[in-house]
Structure formats: structure tokens, C-alpha cells
Amino acid sequence: MITSKVTYQGNLRTQAIHLQSNNQIITDAPTDNHGKGEAFSPTDLLATSLGSCILTIIGIKAEAMDIDISGTTAEITKVMAAKPRRVSEIHIIVNFPRALDESTLKRFYKTALTCPVGNSLDPAITQNLVFHNGTEA
866 MITSKVTYQG
876 NLRTQAIHLQ
886 SNNQIITDAP
896 TDNHGKGEAF
906 SPTDLLATSL
916 GSCILTIIGI
926 KAEAMDIDIS
936 GTTAEITKVM
946 AAKPRRVSEI
956 HIIVNFPRAL
966 DESTLKRFYK
976 TALTCPVGNS
986 LDPAITQNLV
996 FHNGTEA
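The sequence shown maps to residues 866 to 1002 in the working numbering.
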């Protein structure tokens, strides 16, 4: 089954349609690569996918442990390298809105490292994951 269909719209913009839900994502080339930067760039989506995957996989573990992590956020910073132009680092800060005990944090951190997106990325891409617990964020 086809997952998505991407159409080039012109002016360095694409429209991606998720075929199962019909949801769409627009991408633009970033301003540092001939684009307008009016939407996520493809490399922004790569980095953001890692953050979304980490929160999803932690969410699965949290549900199994009967822990509500609603409101947890991930702040993603993408670092680009040149020659060849590529993503070289992804920094993710996970902010839990409520304080969790150290044992739970360790379980969530270990779980986050099993994220399929992270495990699919080239090992040359540095993945830096930091947790902020409750009011420490």
C-alpha cells in the first residue's frame, strides 16, 4: 500500500498527501537554500519526525505504565553540514510537564532510544537527547 503522494507545486514547494487520512503537509526549501522558508523544509521534517517518534514511543510506554504524559513537548534543533549538504546533528529536548521519579525517567529514556526513526537514521547523524523533568524545563 502506498503511504503518501508528493507533488511538486513549483517555486521549491511540495505538497505531500497521507493517503490513508488525506492529511497534507506542505514543504518549502529553506531560506539558506534558495527557498522562501514558509513551511517545514524536507530536512526540518526529518528532524521533526525524530521528535514525534520519540514522543510517540514514550507515550506507548507511558500508557502501558498508566502514566499520563499529556502536554509533554519536544524541542528540536537541526544542525546542517556542508559538502555534501546534509543533516549532521539533531538535538531534542523533551519537557515533561509533571515531575516523574528517576526510575520512570530512565525507563522513558531507554524507550526513546528504541524509536524506529532514530534507528533508521545514518549513524553519522548525531542524536542528542535531553530530558527536562517537571519544573526543571
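Every residue, glycine too, gets a C-beta built ideally from N, C-alpha and C.
With fewer than 16 neighbouring CB atoms inside 10 Å of its own CB, Leu-978 falls in the exposed class. In the DSSP assignment, Ser-869 forms a beta bridge with His-883.
Counting the other CB atoms within 10 Å of its CB gives Ser-906 a total of 16 or more, which places it among the buried residues. Rounded to whole angstroms, the gap between the alpha carbons of Thr-879 and Glu-903 is 12 Å. Non-local C-beta neighbours of Ile-890 in its own chain, meaning closer than 6 Å and more than five positions away in sequence, comprise Ala-881, ordered along the chain. For Phe-973, the enclosing alpha helix (DSSP H) stretches over residues 967-977. Beta-bridge analysis with DSSP links Lys-943 to Ile-955. Between Leu-920 and Ile-955, the beta carbon gap of about 14 Å keeps them out of contact (Cβ cut-off 8 Å).
Per DSSP, the unbroken alpha helix (DSSP H) holding Thr-908 starts and ends at 907-929. Counting only the Cα atoms, Ile-957 lies some 15 Å from Pro-981.
Secondary structure note for Asn-984: its alpha helix (DSSP H) is the uninterrupted segment 981-985. Going by beta carbons, Ile-867 and Ala-912 fall outside the 7 Å limit.
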